[in-house]
Amino acid sequence: MEETLLPPKRILVSGGAGFIGSHTCVELLREGYEVAVVDNLSNSAMSIIHAVGAVAGAEPIFHHCDLLDRVELSRLFCEFAPDVVIHFAGLKSVVESTERPLDYFDVNVYGTINVLRAMADCGCSLMIFSSSATVYGEPVYIPCDEGHPTDPANPYGVSKLLAEKVIAEWALSNDANSAIIFRYFNPVGAHVSGKLGEDPTGPANNLMPVILDIVSGKREVLEIYGNDYNTVDGTGVRDFIHVMDLARAHVLGIEHLSEVQDSEIFNLGTGQPTSVMQLVSAFEEVSGQKVNVKFVGRRLGDVGEVWTSNASAKKILGFETRFSLHDMCAHAYQWIKRNASTSNK
Ligand SMILES: NC(=O)c1ccc[n+]([C@@H]2O[C@H](COP(=O)([O-])OP(=O)(O)OC[C@H]3O[C@@H](n4cnc5c(N)ncnc54)[C@H](O)[C@@H]3O)[C@@H](O)[C@H]2O)c1
């Protein structure tokens with residue numbers, strides 16, 4: 319008799335206290351999944367898990383654990399017995415990766431191997447992995463689709479590409495193993511409730527957290543790296559996507575995993591190019607707040623413009639973005655208004 323596979327119910331989320339992980343936990347809990355988070359809180363805090371609970375109406379199980387603690391990781395995985403692992407945990411700063419490349423390879427590559435080993439220990443064979451558009455490097459053509467050559471320009475991008483390759487080989491090695499690799503473009507925004515947003519522990523270095531630092535009086539000026547690119551206004555062009563649209567993609571990913579043979583890669587963005595200055599103007603418009611900017615030289619390793627084709631995610635996953643650039647700015651602003659005194663712990 320043919321075996322009938324039950325739909326996944328239990329989702330283990332590594333890095334679930336972080337920016338994208340916490341918003342995804344909300345979507346998962348609202349869909350009725352049982353969720354356990356494993357995180358070492360190096361770039362997050364326990365308050366974020368409580369905020370997830372407040373928004374979703376149910377709190378995920380939480381375990382403080384480092385990806386590099388292989389024995390404890392395996393114990394926790396076996397205790398929860400997940401059907402699917404969504405692996406967000408990792409280090410993500412391009413600049414920091416050029417200063418501490420070995421830490422990036424340790425956490426992003428070795429940490430991923432530990433997650434795969436823990437999955438083997440507990441009999442879980444389905445994974446969704448957070449990769450990055452950084453793996454493409456300087457685009458050869460735009461919009462960038464999944465077939466675009468990969469040529470990362472910094473250790474962070476190299477670490478993500480290596481982790482992707484490890485996962486692809488793992489998936490090939492056993493018929494039961496399947497993985498979805500998401501290459502995110504530029505996630506911004508916050509939950510519409512205003513209770514959950516992007517809240518790094520150290521100094522902000524992504525665009526939106528820096529803007530939020532300025533409107534909450536923690537910083538004076540936004541330094542924009544380069545205004546002499548061959549773009550609409552000279553500033554870099556990116557593909558900003560609302561974090562809740564990304565979160566939704568993970569639910570679609572779980573639903574699709576049973577059809578994945580080995581591994582599949584999907585770019586996740588809106589498919590809409592937006593310059594840094596266009597984002598700043600949109601933010602000023604929705605918030606009524608002035609964002610002081612200062613143009614400084616280009617940053618090594620930054621590309622002038624890159625955005626995605628999300629045709630594949632649309633066709634295969636049924637992925638649609640629901641939020642506009644104005645929503646991304648309005649929700650981020652709403653979040654900082656509610657949380658300015660407690661953010662950036
Ligand atoms: N935010 C972006 O712009 C972006 C873009 C592309 C890809 N990504 C990838 O998506 C994933 C999530 O990104 P995010 O923006 O939510 O980052 P984040 O830093 O907010 O979340 C990552 C979480 O992982 C945890 N973590 C880090 N190292 C760990 C370790 N050794 N053991 C256990 N937990 C650890 C952190 O405490 C944090 O809660 C990352 O893998 C990142 O590389 C992010």
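Quick note, in the numbering used here, the sequence shown goes up one by one and the last residue is 663. For each residue, glycine too, the CB sits at the ideal point set by N, CA and C.
Placement of the Cβ of Tyr351 at a distance of 7 Å or more from every heavy atom of ligand 1 is found.
DSSP places Leu570 inside the alpha helix (DSSP H), whose first and last residues are Val561 to His574. By the C-beta density criterion, Met364 is exposed, having fewer than 16 other C-beta atoms within 10 angstroms. With contact defined as three or more Cβ pairs closer than 8 Å, the stretch 385-400 and the stretch 426-435 are in contact. Nearest C-alpha to Gly554 among Asp620, Glu464 and Val356: Asp620. Proximity to Arg501 across Gly334, Val453 and Ala399 peaks at Val453, based on C-alpha coordinates. Look at Pro518: its beta carbon is less than 7 Å from one of the heavy atoms in ligand 1. Closest option to Cys462, judged by alpha-carbon separation, among Val561, Phe637 and Glu623: Glu623. Checking the 7 Å criterion, the Cβ of Ser599 is out of range of every heavy atom belonging to ligand 1.
By alpha-carbon distance to Trp488, the top candidate from Gln607, Met445, Ile529 and Pro521 is Met445. Leu444 sits in a strand when the DSSP states are folded into three classes. Residue pairing by DSSP places Asn524 in no beta bridge whatsoever. The DSSP assignment places 379-382, 402-405 and 444-450 as complete runs of the beta strand (DSSP E) inside the stretch 379-453, in order along the chain (cut-off: 3 residues).
With a cutoff of 8 Å on beta-carbon distance, Ala565 and Leu586 are scored as not near each other. Judged by DSSP secondary structure, Glu345 falls outside any beta strand (DSSP E) and instead within the alpha helix (DSSP H) spanning Phe337 to Arg348.
If you draw a straight line from the Cα of Leu570 to the Cα of Glu582, it comes to about 13 Å.
Along the length of the stretch 468-549, whole beta strand (DSSP E) runs at least 3 residues long occupy 496-502, 504-506 and 540-543, reported in chain order. Relative to ligand 1, Tyr502 has its C-beta within less than 7 Å of a heavy atom. Apart from the 5 residues on each side of it in sequence, Leu346 sits with its Cβ closer than 6 Å to the Cβ of Ile329 and Val353 in its chain, given in chain order.
Cys343 and Gly334 do touch by the CB rule: their CB atoms are close to 5 Å apart, below 8 Å. With fewer than 16 neighbouring CB atoms inside 10 Å of its own CB, Ser576 falls in the exposed class.
Residues of the same chain with a CB within less than 7 Å of the CB of Asp384, apart from the 5 flanking positions on each side, are Asn358 in chain order. For Ser362, the number of other beta carbons within 10 angstroms of its own is at least 16, and it is reported as buried. By the neighbour-count criterion, in which a residue is buried when 16 or more other Cβ atoms sit within 10 angstroms of its Cβ, Gly515 is buried. With a 10 Å radius around the Cβ and a threshold of 16 neighbouring Cβ atoms, Thr519 comes out exposed. Around the Cβ of Asn492, a 10 Å sphere holds fewer than 16 other Cβ atoms; the residue is exposed. Leu525 has its CB no nearer than 7 Å to any heavy atom of ligand 1. With fewer than 16 other Cβ atoms from the protein chains shown falling within 10 Å of its own Cβ, Asn548 counts as exposed. According to the DSSP assignment, Ser581 belongs to the beta strand (DSSP E) that extends over Ser581 to Leu586.
For Val614, the enclosing beta strand (DSSP E) begins and ends at Val611 to Val614. Taking Phe423 as the centre and dropping the five residues before and after it, the same chain places the C-beta of Ser477 closer than 6 Å to its C-beta, in chain order. Taking a C-beta distance under 8 Å as the contact criterion, Gly465 and Tyr543 do not qualify as a contact pair.
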